[in-house]
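Chains as they are written, first to last, in my numbering: chain Z, 1488 to 1884; chain V, 2 to 331. Just so it is clear, CB atoms sit at the ideal spot from N, CA and C, and this is done for glycine as well. For clarity, every value in this text was computed on a predicted model and none was experimentally measured.
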């Protein structure tokens, strides 16, 4: 028996709303299966499970907002009934069994349940909010026991409609609320600047070789097979982190914890404002075409609302690339509890001295914002230098 | 046009039935020479004679059974039971015979029996004469259960009950006999199928019957003074319940207070609340509330009896908490 709890999909998340269950009691689940969709300030996230077993009970119904750590569902044993006294031995992967419990055996007391502090919403308010596509979490209740009432929902709708620029909000199940996301970013960034003593480094990198290699390679590819320069920056960053692992990980409880693997959080801006940096797992181990596909997929899912919980929780560092319409360089703010952020400004052709000659070269300014509690500037410089070196050997990326 | 009492309306209904249909006769304890313990049948013995106004021995089982037999044989008996507490002595006749014979005979036998039963508290006659057990009868398939709360229903429900081939129980609340109202000359009959909105409102629905309706209407007055518009629904027919009218009001106000002198546990109020939960759940904007009789045998002392019964202030308080929840109630 294990408990499936509301995950913390980010350091600043306090509560989430279950908007969809992908499993029912009796369904068998395996590690990595998506079992639910949870609405957070960062949008609708597909939540994976990290246990195996058979879903025995859905505890929190769809539409309910609960704090992080609340019991969402119970996962039952995956074995046939055993003597009740026997401690649960690690069972072999058994055939699908919808665990009938041994009736005759003395019933074990049910595991103690921490009753979740449900947000109270009247049935009429819940139905109306669903019709209007209004996020109940944003509404303060004025009803009995502080419950959100129909009038509260309609007052919120009136406020939303009164905002001049706001387009009519279609009813939707997924997606995110820009106002809530702004609040989430505000909380995370304020915390970062409050708690993390940042240091900043920057380093200009000549991309002539990388660009030439890329153009030659892309010329042989169909449109879909072509690579963008950003993928080289991403891969070079990931490989450089192998050399400087002290910048890949998290700072928790006054100690640096190295990341288990290099999972770069790739910063993706959203069209309506706001941004997310979901992880590309094992960035350092993936070939370029695979990374390119992963980036495209991530951008699409970030903007349409289809991210998985692990993608939001697993980044070990963030990389942001400002792209064609950006600025020369970025001085970043670290996403807690990570310890570093690598930024790339816009690639631009500028004067550069090579072999004693001034020559036009495509340059990019790589920058690093790092947590001085976890590392010192010397390590940071090693990382930026490693990135620069790797980008001079694009064929090895 | 002059107002008449609920008691007088009952008597007029009985007189009309006796005049219209020679098969109609009255039976009950002290209904003849004494005129009925609540004086409803006063004067009828003189007018219609002993054949049709029959005093019975003090045996509810015997005379209710006799009434069932008479109904089976084609008569139209109207049997009075002094108080619902005493009707328990006839429970076997009512539940095992009256309610079942039409069904067990495959419809060969109708039982057009009407039972008039006084019910309810407030008269300082203690726990063996003051209870509201009509909810028990509303549990029984095969019976129709009516609860006239207004003079018009007291006047006209009897005719509809006599016209019904099923046994019909009419519960007359003892605190209503002295209320007065003018009858609308345009009205000469009422239905015994539907609940009725007695007062319109948008903020909260008060469901009641019998004297509970009167209390609910008084509560609505209190609430109106505070700017809360209560809708008051007279259930009238306790079996079969008019769920459609109940749900319509719930959909309108989204807030519900159910008033019932009966005890909460296993009660008619529980049934009404559950039907709302089953069929009107998504219309609700607040929890269901009930104002019911205190779960004690009815006290004799006046102040305790008053405290044990639903009162307008309690009903208004329950409705107020739903329509205007106190701040900081979480």
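How is residue i classed by DSSP in three states: helix, strand or coil?
| i | result |
| --- | --- |
| residue 206 (chain V) | strand |
| residue 3 (chain V) | coil |
| residue 1633 (chain Z) | helix |
| residue 1801 (chain Z) | coil |
| residue 129 (chain V) | coil |
| residue 1807 (chain Z) | strand |
| residue 1745 (chain Z) | strand |
| residue 215 (chain V) | helix |
| residue 1769 (chain Z) | coil |
| residue 1789 (chain Z) | helix |
| residue 249 (chain V) | helix |
| residue 178 (chain V) | coil |
| residue 1507 (chain Z) | strand |
| residue 1680 (chain Z) | helix |
| residue 1825 (chain Z) | strand |
| residue 1621 (chain Z) | coil |
| residue 1796 (chain Z) | helix |
| residue 1815 (chain Z) | coil |
| residue 84 (chain V) | coil |
Quickly, what does DSSP pair residue i with across the bridge? List them, please.
| i | result |
| --- | --- |
| residue 1718 (chain Z) | Residue 1718 (chain Z) is not bridged to any residue. |
| residue 1491 (chain Z) | Z:1560 |
| residue 1692 (chain Z) | Z:1851 |
| residue 264 (chain V) | V:294 |
| residue 235 (chain V) | V:197 and V:209 |
| residue 1832 (chain Z) | Its beta-bridge partners do not exist; DSSP assigns none. |
| residue 1502 (chain Z) | Z:1554 |
| residue 1763 (chain Z) | Z:1755 |
| residue 13 (chain V) | Partner(s): none; residue 13 (chain V) has no beta bridge. |
| residue 1608 (chain Z) | Z:1635 |
| residue 1838 (chain Z) | Z:1847 |
Please return the same chain residues whose Cβ sits closer than 6 Å to the Cβ of residue i, not counting the five positions on each side in sequence.
| i | result |
| --- | --- |
| residue 168 (chain V) | 99, 112, 114 and 144 |
| residue 49 (chain V) | 19 |
| residue 90 (chain V) | 61 and 62 |
| residue 1683 (chain Z) | 1821 and 1858 |
| residue 1667 (chain Z) | 1528 |
Spatial neighbours of residue i within its chain, please: C-beta separation below 8 Å, excluding the five flanking residues on both sides.
| i | result |
| --- | --- |
| residue 1658 (chain Z) | Low confidence applies here, because residue 1658 (chain Z) scores a pLDDT of 40, under 50, leaving its location unreliable; read the following figure in that light. Result list for residue 1658 (chain Z): 1617, 1618, 1619 and 1620, in chain order. |
| residue 1597 (chain Z) | Annotation note: pLDDT 42 at residue 1597 (chain Z) (below 50); position unreliable, no value reported. |
| residue 1883 (chain Z) | 1877 |
| residue 134 (chain V) | 85, 86, 88, 89, 120 and 263 |
Looking at residue i: is its Cβ nearer than 9 Å to the Cβ of residue j?
| i | j | result |
| --- | --- | --- |
| residue 1513 (chain Z) | residue 1547 (chain Z) | no |
| residue 157 (chain V) | residue 1610 (chain Z) | no |
| residue 1549 (chain Z) | residue 1503 (chain Z) | no |
| residue 321 (chain V) | residue 286 (chain V) | no |
| residue 171 (chain V) | residue 159 (chain V) | yes |
| residue 122 (chain V) | residue 310 (chain V) | yes |
| residue 1647 (chain Z) | residue 1612 (chain Z) | no |
| residue 166 (chain V) | residue 237 (chain V) | no |
| residue 314 (chain V) | residue 220 (chain V) | yes |
| residue 28 (chain V) | residue 75 (chain V) | no |
| residue 207 (chain V) | residue 136 (chain V) | no |
| residue 181 (chain V) | residue 39 (chain V) | no |
| residue 124 (chain V) | residue 41 (chain V) | no |
| residue 1731 (chain Z) | residue 1869 (chain Z) | yes |
| residue 234 (chain V) | residue 276 (chain V) | no |
| residue 1685 (chain Z) | residue 1821 (chain Z) | yes |
| residue 1745 (chain Z) | residue 1753 (chain Z) | no |
| residue 173 (chain V) | residue 102 (chain V) | no |
| residue 1867 (chain Z) | residue 1827 (chain Z) | yes |
| residue 1728 (chain Z) | residue 1735 (chain Z) | yes |
| residue 1532 (chain Z) | residue 1524 (chain Z) | yes |
| residue 269 (chain V) | residue 139 (chain V) | yes |
Identify, in the order they occur along the chain, each residue of the same chain with its Cβ nearer than 7 Å to the Cβ of residue i, setting aside the five sequence neighbours on each side.
| i | result |
| --- | --- |
| residue 316 (chain V) | 207, 216, 217, 220, 258, 260 and 292 |
| residue 1557 (chain Z) | 1492, 1493, 1547 and 1603 |
| residue 94 (chain V) | 62, 65, 66 and 69 |
| residue 1637 (chain Z) | 1609, 1611, 1612 and 1615 |
| residue 1490 (chain Z) | 1558 and 1561 |
Do we get a CB-CB distance below 9 Å when we pair residue i with the residues of chain B?
| i | result |
| --- | --- |
| residue 78 (chain V) | Here the protein chains are Z and V, and chain B is not one of them. |
Less than 8 Å separating the Cβ of residue i from some heavy atom of the ligand ATP?
| i | result |
| --- | --- |
| residue 1746 (chain Z) | Absence of the ligand ATP from the depicted structure is noted, as is the absence of any ligand whatsoever, leaving it without description. |
Q.
To test your reading of the DSSP string, which unbroken beta strand (DSSP E) runs of 3 or more residues are found completely within the stretch 19-81 of chain V?
A. 25-29 and 54-56
**Q.** Segments of 4+ residues assigned as alpha helix (DSSP H) that fall wholly inside the stretch 270-328 of chain V
**A.** 303-309 and 313-324
**Q.** beta strand (DSSP E) runs contained entirely in the stretch 101-125 of chain V, provided each spans 3 or more residues
**A.** 115-120
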